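In the order they appear, the protein sequences are chains H and R.
No gaps in the numbering here: position 229 of the first sequence is 228 in numbering that gives the first Met the number 0, and each next residue is one more.
No gaps in the numbering here: position 93 of the second sequence is 92 in numbering that gives the first Met the number 0, and each next residue is one more.
Take a look at the structure set out below.
2 protein chains.
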Amino acid sequence: MFTKQELIDFCNNARENYLAHISIDCVVFGFHEGQLKVLVLKMKNEEAWYLPGGFVLKNEPIENAATRILKERTGLDEIFLQQFHVFGDPERSRPHRDMYKDMLPASENWFANRFLTIGYYALVDFVNAMPTPDQHSILCTWRDLDDMPALELDHSVILKTALDTLRLQLNYQPIGYNLMPKEFTMPELQKLYETILGKKLDRRNFQRRILGFGILKRSEQPRKGGAHKAPYLYSFDLENYQEALKEGLKSGW
Amino acid sequence: MFTKQELIDFCNNARENYLAHISIDCVVFGFHEGQLKVLVLKMKNEEAWYLPGGFVLKNEPIENAATRILKERTGLDEIFLQQFHVFGDPERSRPHRDMYKDMLPASENWFANRFLTIGYYALVDFVNAMPTPDQHSILCTWRDLDDMPALELDHSVILKTALDTLRLQLNYQPIGYNLMPKEFTMPELQKLYETILGKKLDRRNFQRRILGFGILKRSEQPRKGGAHKAPYLYSFDLENYQEALKEGLKSGW
DNA sequence: ACAAAAGTGTTTGATATACACCCATGT
DNA sequence: ACATGGGTGTATATCAAACACTTTTGT
Chain H
0 MFTKQELIDF CNNARENYLA HISIDCVVFG FHEGQLKVLV LKMKNEEAWY LPGGFVLKNE
60 PIENAATRIL KERTGLDEIF LQQFHVFGDP ERSRPHRDMY KDMLPASENW FANRFLTIGY
120 YALVDFVNAM PTPDQHSILC TWRDLDDMPA LELDHSVILK TALDTLRLQL NYQPIGYNLM
180 PKEFTMPELQ KLYETILGKK LDRRNFQRRI LGFGILKRSE QPRKGGAHKA PYLYSFDLEN
240 YQEALKEGLK SGW
Chain R
0 MFTKQELIDF CNNARENYLA HISIDCVVFG FHEGQLKVLV LKMKNEEAWY LPGGFVLKNE
60 PIENAATRIL KERTGLDEIF LQQFHVFGDP ERSRPHRDMY KDMLPASENW FANRFLTIGY
120 YALVDFVNAM PTPDQHSILC TWRDLDDMPA LELDHSVILK TALDTLRLQL NYQPIGYNLM
180 PKEFTMPELQ KLYETILGKK LDRRNFQRRI LGFGILKRSE QPRKGGAHKA PYLYSFDLEN
240 YQEALKEGLK SGW
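Written as structure tokens, this is what we have:
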């Protein structure tokens, strides 16, 4: 929620620099302690949560815009990003269109426009990300997927669509590689798969299958200090992984 | 290629009615006589081929825009449409941006803008579609996938992306249902799969597998008049098909 | 010593692959 | 009669599912 002067400044700046009618919203996934997490922002002066997003500079490739936005929110370069859907209902941004309508005439009010938003999902290494709020928000933080706050606008739909996409692309994109830390144990990787797929998997069959793909390397040292038998540590063999993904991780036709 | 007056009229109309910076391009697939076909337009006064496309009305859902555009080009309602990608390189429409730059100042020239284009693929029943050119084109016609003309702008990339998407979604979308006529023979359906997948399939295994899904109904009468043994006719059991697609047509995890 | 986590192996059924034979029809 | 397209069947390998035992480690 802006004050009037903030709004005027923002609109002037936006009109000059950004493409009208277009926004980008990002579903940033992380994985930590067996939980799939999503990055969300809490607005200033509003009890309102949003996905991180932004606009496209007038001469900027949309991928760069998404990368730029996420660099600001996470501090990370080289984020794995996938565009997954455009949300184009003319009423989808209605609450924003009305929010400032008494403060500025529509012709000067950036938010009075209809916005299409391009949805990207991002996969980041949880421990390296530094959640950082933007100028509209007071908080940028991870939330567990099963403990998400209500999201404004159609951001819940965007999240759900991202999740469905993630599930479908699990065998075609290096999702494990981008969400797991460098080294991880087999049960940790299994937990990720179970969370994304929303169902339990058999421990032994999972291990046999994923090792069968030849995309993992096992370290010499097992992890120490756990309360039980020390598990082996694995890392992705990126070259084999990329190669395997070309055909998809299981057969078909 | 417009005359100056045509250009002025078009731009005035476009500025008033359409969202700036946004276009829609459609890859319309049909299937006939064992060939996958794509609908293309040939421009007036240019040796140039394009995919059918258009713009989004200021208060129109983008799905409706795609539907409207395709109704104009094919005469069909209720077309199966899937949004598959946004192409957002700021230079992608450069040839159009420069084309009329000596005719109209950029401020009045609709085409001087950068355009993001939203890619949709459509699956239509070849025999019912009535290819109809638009105001910029002299010809709207089907072309075999392996006999495509060179396409302008990034439309070849759009086509390729659509094909890749089609291949990936073959087991998750009712692609056969929307591309085949009501009744068809098993070899015809197999040809469609082979064309989309780009490889030969074993006749007997294909039949067993696809029948195993329980998504086809066999008619009583075989097709007559062929030069050889009369093949059975099949049609899709839409209810079972939809049900089967929810999980995907083959297992995984 | 025991509970909990993790590593490894076996049996069974299902599915994919490869391949061979028979039938119908027009020339 | 035969060439061609089309229907059907069977053996084999491969993979997925279900399930049990053993090892390690902290308490």
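A virtual CB, placed ideally from N, CA and C, is assigned to each residue, including glycine.
Computed from a prediction, not measured in an experiment: that's the story for all the values here.
Best match in M42/H, K249/H, K245/H, E238/H for proximity to T131/H [C-alpha to C-alpha]: Looking up residue 131/H in the first sequence gives position 132. For T131/H, the nearest C-alpha among the options comes from M42/H.
In angstroms with no decimal places, state the Cα-to-Cα distance between D201/R and G213/H. Start at 1 with the first residue of the second sequence, and residue 201/R comes out as number 202. Start at 1 with the first residue of the first sequence, and residue 213/H comes out as number 214. C-alpha separation (whole angstroms): 28 Å.
My output table needs one value for Q82/R: the three-state DSSP class, helix, strand or coil. Locating residue 82/R in the second sequence gives position 83, counting from the first residue. Q82/R: strand per DSSP, three-state reduction.
Along chain H, which residues have their Cβ under 9 Å away from the Cβ of V95/R? Counting from one through the second sequence, the residue named residue 95/R turns up at place 96. In the sequence as presented, Val is not what sits at residue 95/R; that position holds His. Those do not exist, as H95/R stays about 16 Å from chain H at its closest Cβ, beyond 9 Å.
Cβ of P60/R less than 9 Å from any chain H Cβ? Here residue 60/R refers to the residue found at position 61 of the second sequence. True, the Cβ-Cβ gap to chain H drops below 9 Å.
If you draw a straight line from the C-alpha of A121/R to the C-alpha of F86/R, how long is it? In the second sequence, residue 121/R corresponds to position 122, counting from 1. In the second sequence, residue 86/R corresponds to position 87, counting from 1. Those two C-alpha atoms are separated by around 17 Å.
How would you list, in chain order, the residues of chain R whose beta-carbon sits under 8 Å from the beta-carbon of V85/H? In the first sequence, residue 85/H corresponds to position 86, counting from 1. The answer, in chain order, is I61, Q82, V85, I117.
Express the C-alpha separation of Y240/R and G247/H in angstroms, rounding to a whole number. Within the first sequence, numbered from 1, the residue matching residue 247/H stands at position 248. Within the second sequence, numbered from 1, the residue matching residue 240/R stands at position 241. Their backbone Cα atoms lie some 23 Å apart in a straight line.
Would V55/R pass as an interface residue toward chain H - the criterion being a Cβ-Cβ separation below 9 Å? Translated into the one-based positions of the second sequence, residue 55/R becomes position 56. So yes, V55/R belongs to the interface.
Continuous alpha helix (DSSP H) assignments of at least 4 residues falling wholly in the segment 173-210 of chain H: Along the segment 173-210 of chain H, the alpha helix (DSSP H) occurs as fully enclosed runs of 4 or more residues at 174-178, 185-196, listed in sequence order.
Every unbroken beta strand (DSSP E) inside the segment 217-244 of chain R [3 residues or more]: 231-235
For the beta strand (DSSP E) containing Q34/R, list its first residue and its last residue. By 1-based counting over the second sequence, the position of residue 34/R is 35. From DSSP, the beta strand (DSSP E) with Q34/R extends over 34-42.
Is the segment 65-78 of chain H in contact with the segment 149-164 of chain H, if contact means three or more CB pairs nearer than 8 Å? no
Using a beta-carbon distance cut-off of less than 9 Å, what residues from the segment 11-22 of chain R approach chain H? L18, A19, H20, I21
Where does H20/H fall in DSSP's three states? Along the first sequence, one-based indexing puts residue 20/H at 21. H20/H: strand per DSSP, three-state reduction.
Say whether the segment 127-145 of chain R touches the segment 85-101 of chain R, bearing in mind that this needs 3 or more beta-carbon pairs closer than 8 Å, one atom from each stretch. The segment 127-145 of chain R is not in contact with the segment 85-101 of chain R.
Can you find the residues in the same chain that come closer than 8 Å, C-beta to C-beta, to P173/H, ignoring five residues on each side of it along the sequence? The residue you call residue 173/H lines up with position 174 of the first sequence. Excluding positions up to five away in sequence, the list reads F79, F235, L237, Y240, Q241, L244.
Cβ-based burial, H154/R [other Cβ within 10 Å; buried from 16]: Locating residue 154/R in the second sequence gives position 155, counting from the first residue. Flag for H154/R reads buried.
For the segment 216-231 of chain R and the segment 163-170 of chain R, state whether three or more C-beta atom pairs, one from each stretch, are separated by less than 8 Å. no
What residue from H84/H, D146/H, L103/H, V126/H has the CA that sits closest to T116/R's CA? The count along the second sequence starts at 1 and reaches residue 116/R at position 117. The shortest Cα separation from T116/R among H84/H, D146/H, L103/H, V126/H belongs to H84/H.
Please classify S106/R as buried or exposed, where buried requires at least 16 other C-beta atoms within 10 Å of its C-beta. Position 107 of the second sequence, counted from the start, is the residue given in the question as residue 106/R. Classification of S106/R: exposed, given that the 10 Å Cβ count is below 16.
Can you list, in chain order, the residues of the segment 26-50 of chain H whose Cβ is nearer than 8 Å to any Cβ on chain R? none
Nearest-angstrom Cβ-Cβ length linking Y233/R and K216/R, presumed shorter than 8 Å: Position 234 of the second sequence, counted from the start, is the residue given in the question as residue 233/R. Position 217 of the second sequence, counted from the start, is the residue given in the question as residue 216/R. Y233/R to K216/R, Cβ: 7 Å. Contact.
Residues of chain R with a CB under 7 Å from the CB of P89/H: which are they? The residue given as residue 89/H occupies position 90 in the first sequence. Within 7 Å Cβ-Cβ: N58, E59, P60.
With the cut-off set at 9 Å, would you say M253/R and M129/R are in Cβ contact? Nothing can be reported for residue 253/R: it is not among the residues displayed for chain R, which extend from 0 to 252.
Can you list the residues of chain R that L200/H reaches, using a CB-CB cut of under 9 Å? Counting from one through the first sequence, the residue named residue 200/H turns up at place 201. The contacting residues are W252.
Assuming contact is defined by CB atoms lying nearer than 9 Å, are I7/R and L144/R in contact in what I supplied? Residue numbering aside, residue 7/R sits at position 8 when the second sequence is read from its first letter. Residue numbering aside, residue 144/R sits at position 145 when the second sequence is read from its first letter. No, Cβ-Cβ distance for I7/R and L144/R is not below 9 Å.
Whether I23/H touches Y119/H by CB criterion (9 Å): By one-based count along the first sequence, residue 23/H stands at place 24. By one-based count along the first sequence, residue 119/H stands at place 120. In this structure, Y119/H lies closer than 9 Å to I23/H by Cβ.
Contact defined as beta carbons within less than 8 Å: I believe A19/H pairs with A19/R. What is the distance between those atoms, to the nearest angstrom? Within the first sequence, the letter at position 20 stands for residue 19/H. Within the second sequence, the letter at position 20 stands for residue 19/R. Between A19/R and A19/H the Cβ distance is about 6 Å, and since that is below 8 Å, they are a contact.
If you measure from the beta carbon of L178/R to each beta carbon in chain H, is any gap under 9 Å? Position 179 of the second sequence, counted from the start, is the residue given in the question as residue 178/R. Not closer than 9 Å to any Cβ of chain H, the Cβ of L178/R fails to qualify, so no.
Going by the beta-carbon positions, is the gap between T194/H and G33/H smaller than 9 Å? Translated into positions along the first sequence, residue 194/H becomes position 195. Translated into positions along the first sequence, residue 33/H becomes position 34. Result yes, Cβ atoms of T194/H and G33/H sit closer than 9 Å.
Does the separation of the CB atoms of L40/H and D146/H fall below 9 Å? Translated into the one-based positions of the first sequence, residue 40/H becomes position 41. Translated into the one-based positions of the first sequence, residue 146/H becomes position 147. Cβ atoms of L40/H and D146/H: not closer than 9 Å.
Does the beta carbon of F86/H fall short of 8 Å from some heavy atom of the ligand COA? The ligand COA is absent from the structure shown, which contains no ligands of any kind.
Note down, in chain order, every chain H residue with its Cβ under 8 Å from the Cβ of L196/R. On the second sequence, residue 196/R is found 197 positions in, with the first residue counted as 1. Contact note: L196/R reaches chain H through W252, using a C-beta cutoff of 8 Å and chain order.
Are the C-beta atoms of L210/R and some chain H residue less than 9 Å apart? Position 211 of the second sequence, counted from the start, is the residue given in the question as residue 210/R. L210/R does not count as touching chain H.
Same chain, Cβ closer than 8 Å to G52/R, five either side skipped, listed in chain order: As a first step, residue 52/R must be located in the second sequence, where it is residue number 53. These residues qualify, in order along the chain: S22, I23, D24, C25, I68, T116.
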